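Numbered according to our numbering, the sequence shown spans residues 1 to 497.
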Amino acid sequence: MKKSLLLLLISSLLFSCSKKEKPNVLFLFIDDLAYDAVASYGNDVVKTPNIDRIASKGTRFSHAYNMGSWSGAVCTASRSMIISGLSVWRANQNRELWHNNDSTSIANTWGKLMEKQGYDTYMAGKWHVDVPADVVFQETRHIRPGMPGDGFNFKVVKEMYADGRQPSIEEVTEKRPNGYFRPLSSSDNSWSPTDTSKGGFWKGGKHWSEVLLDDAKEFIGMAEKKENPFFMYLAFNAAHDPRQAPQEYLDMYPLDEIKIPENFMEDYMYHEEVGAGPLLRDEALAPFPRTEYAIKVHLQEYYALITHLDIQIGNILKELEDKGLLDDTYVFLTADHGLAMGSHGLLGKQNMYDHSMRVPLMVMGPDVKEGLVVDADVHLQDVMASALDVAGIEKPDFVEFNSLMPYAKGTETKTKLNGVYGAYLKKQRMMRKDGFKLIVYPEVNRVLLYDMTNDPQEIVDLGSNPEYATKKKELMQDLLSRQKELGDDLDLGNASI
């Protein structure tokens, strides 16, 4: 009898030790969340206590960037990079392999690499990648499309501009579909974010952020009963438009407390040439030209939706705590890209400014430094390599991103990037290095230059200032070099001279 009890005790200890050999990994992925739309990143209006808790209990990266996009749906490119580990143009090429069900490219996805190492894998929420989620993850729930849809008919907007002219206010008022070119004035009641009949986040009867919480609780309950560590990929559709939240969250943000961005403009002078005019869906959400009132309303709805999703994140963390799992879990949080929300006369993410390229990124967990802020330039897609690192998986040769864990453990401080490269279609390129940013618009042979140290809002263009000609030339050479490294074949033409 004693021998049996001893064997049982030894077996129990071995099981306990084996379970702790590999930590759990939770990835919280937020849509359209700009770096400056989080309290811990300096926004003194928005309320994000649970996201801020992750930042304060862990390490926060102040300069994390998306690499760009081959599509107006920037989220597709960002998510394809993070799942594949490939840089922007190679990730685009890889999509063809996914379409053809190539077994190697599927086996090389983030979820499959974790599964091979003994992780139980779970996914719920926004996917928007060209390989099915249930092929990459073992357990999936409520796989969502790129945006909550239902009655937001952008085809009507395209028809309004079909003859190449700017429609009149009367035409816009009469023809605009749900959610676009609004609000035209303080008396414009054409849209309400709390109107559940409009569909969107309300489609199905329960707000999609709350459904994701339910899925997370189910997954955590399943994981608690299993011996294997878990990898959980939870992707919010928030804070993407249509930005709908319960009334109580809108009430948290009176319009007279909303601050207009310092770099607000009524319109962006190159919006057509760079692919960010009214025929780009994101940009058609507010009227042209932009008004301070319209931007305040959009920011009110944006912040409300962010705070609502922040509450769901708090409940996810509480569920892990209640189940005794949080201490053995690395929690990574970031966004697929940022959002302009009125800055530079833009609304979307299809531009090279920091408000759209830069995102919050943070990690907390075992042996992560608490309260550390890392200023080194990193990519948001470095989260994949970081998860492989904490799981004890040697980074495959094809993964082009780097683990953040040396930063998070305090052993690395300097950036590994030789400048931050950015791209959008064949219309925009960017190089950010040594405190300066170069933006190139090849279609109009236009080169912009910003001093990011003294002008972080990117207001003063130094591109034509002869005092900065040498700096501009240096950054252009860096950009051309990075293009070659990344397989970017876009000819910058006369802009590179």
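Virtual Cβ for every residue (Gly too), placed ideally from N, Cα, C.
The model shown is predicted, which means the values in this text are computed figures rather than measured ones.
Exercise. Which full runs of the beta strand (DSSP E) of 3+ residues lie inside the segment 341-405, going along the chain?
Worked result: 358-364, 372-379
Problem set entry | For leucine 33, the nearest candidate out of His337, Ser84, Arg446 (CA to CA) | Relative to leucine 33, the option among His337, Ser84, Arg446 whose CA is nearest is His337.
Exercise. Among Gly314, Met357, Asn315, Ala286, which residue has its Cα nearest to the Cα of glutamate 301?
Worked result: In this structure, Ala286 is the residue among Gly314, Met357, Asn315, Ala286 with its C-alpha nearest to the C-alpha of glutamate 301.
Exercise. Under a Cβ-count criterion, where at least 16 other Cβ atoms within 10 Å of its own Cβ denotes burial, should phenylalanine 398 be classed as buried or exposed?
Worked result: Its Cβ having fewer than 16 others within 10 Å, phenylalanine 398 is exposed.
Exercise. Taking the alpha-carbon positions, what's the asparagine 515 to glycine 204 distance?
Worked result: No answer is possible for residue 515: the residues shown for the chain start at 1 and end at 497.
Problem set entry | Sequence-distant residues of the same chain with beta carbon closer than 7 Å to glycine 487, five excluded per side | Trp89, Arg90
For this session: Return the chain-ordered list of same chain residues with a C-beta closer than 6 Å to the C-beta of methionine 160, the five sequence neighbours on each side being excluded.
Result: Pro167, Lys175
For this session: Name the two residues that bound the continuous beta strand (DSSP E) containing leucine 333.
Result: 329-335
Exercise. With a cut-off of 8 Å, do at least 3 Cβ pairs link the segment 346-360 to the segment 66-73?
Worked result: Touching, per the Cβ criterion.
For this session: Look at the Cβ atom of leucine 59, then the Cβ atom of valine 374, and state whether they are nearer than 8 Å.
Result: Checking the sequence, you will find threonine at residue 59 rather than leucine. Yes, Cβ-Cβ distance for threonine 59 and valine 374 is below 8 Å.
Problem set entry | Given methionine 452 as reference, the closest of Gln477, Lys471, Tyr293, Leu28 once Cα atoms are compared | Measuring from the Cα of methionine 452, the nearest candidate turns out to be Lys471.
For this session: Assess, as a yes-or-no matter, whether the segment 356-374 is touched by the segment 41-60 under the definition of 3 or more beta carbon pairs within less than 8 Å.
Result: yes
For this session: Go through its chain and collect everything with a Cβ distance to aspartate 310's Cβ below 6 Å, but skip five positions before and after it.
Result: Thr48, Asn50, Ile51
For this session: Measure the alpha-carbon distance for tyrosine 249 versus aspartate 102 and round it to whole angstroms.
Result: 45 Å
For this session: Could you tell me whether the Cβ atoms of alanine 294 and methionine 114 are closer together than 8 Å?
Result: no
Problem set entry | Length of the line joining the Cα atoms of proline 177 and aspartate 367 | 51 Å
Exercise. Should cysteine 75 and histidine 142 be called a contact, given that it needs their Cβ atoms to be closer than 8 Å?
Worked result: no
Exercise. Do serine 496 and leucine 480 have their CB atoms nearer than 8 Å?
Worked result: Yes; because the gap between Cβ atoms is below 8 Å, this pair is in contact.
For this session: Run the CB neighbour count on aspartate 434, radius 10 Å, all protein chains shown included, and call it buried at 16 or more, exposed below.
Result: exposed
Exercise. When DSSP labels each residue in this structure, what does isoleucine 260 get in the three-state scheme?
Worked result: Three-state DSSP puts isoleucine 260 in coil, outside helix and strand.
Exercise. Rounded C-beta distance between phenylalanine 154 and arginine 290? I'm assuming under 8 Å.
Worked result: Incorrect: roughly 19 Å between the Cβ atoms, too far for contact.
Problem set entry | Cβ neighbour criterion (16 or more within 10 Å) applied to histidine 63 | buried
For this session: Please report the Cβ distance between tyrosine 122 and tyrosine 233, rounded to the nearest whole angstrom; I am assuming they are in contact, meaning their Cβ atoms lie under 8 Å.
Result: 7 Å
Problem set entry | The beta strand (DSSP E) enclosing isoleucine 422, as first and last residue numbers | Residue identity check: residue 422 is glycine in the sequence provided, not isoleucine. Start and end: 420-424.
For this session: Pull up the CB-CB distance for phenylalanine 517 and proline 148, whole angstroms please, since I reckon it's below 8 Å.
Result: Residue 517 is absent from the model: the chain starts at 1 and stops at 497.
For this session: Can you have a look at threonine 411 and say buried or exposed, based on whether 16 or more other CB atoms are within 10 angstroms of its CB?
Result: exposed
Exercise. Looking at the structure shown, is leucine 7 part of a helix, part of a strand, or coil, going by DSSP?
Worked result: Confidence in leucine 7 is poor, its pLDDT being 47 and thus under 50, which makes the residue's placement unreliable; the coordinate value appears in the next sentence. In this structure, leucine 7 counts as helix in the three-state DSSP scheme.
Exercise. What number of angstroms, rounded off, separates the C-alpha of serine 209 from the C-alpha of leucine 326?
Worked result: 21 Å
For this session: Verify whether the separation of the beta carbon atoms of histidine 355 and alanine 335 is less than 8 Å.
Result: no
Exercise. Going by Cα to Cα distance, which pick from Ile220, Asp214, Phe230 is closest to phenylalanine 236?
Worked result: Of the candidates Ile220, Asp214, Phe230, the one whose C-alpha sits nearest the C-alpha of phenylalanine 236 is Asp214.
Problem set entry | CA nearest to the CA of threonine 292, picked from Thr329, Ile306, Ser343 | For the record, residue 292 in the displayed sequence is glutamate; it is not threonine. Selected option, being the one with the closest Cα: Ser343.
Exercise. Would DSSP call asparagine 24 helix, strand or coil?
Worked result: strand
Exercise. Apart from the five residues on each side of it in sequence, which residues of its chain come closer than 8 Å, Cβ to Cβ, to serine 185?
Worked result: Within the same chain, Cβ atoms closer than 8 Å to the Cβ of serine 185 are found at Tyr293, the five residues on either side in sequence being excluded.
For this session: Could you have a look at leucine 490 and say whether DSSP puts it in helix, strand or coil?
Result: coil
Problem set entry | Alpha-carbon to alpha-carbon, alanine 107 and lysine 116 | 9 Å
Exercise. Whose C-beta lies closer than 6 Å to the C-beta of methionine 430 among residues of the same chain, with five residues either side of it excluded?
Worked result: Met352, Gly422, Ile439
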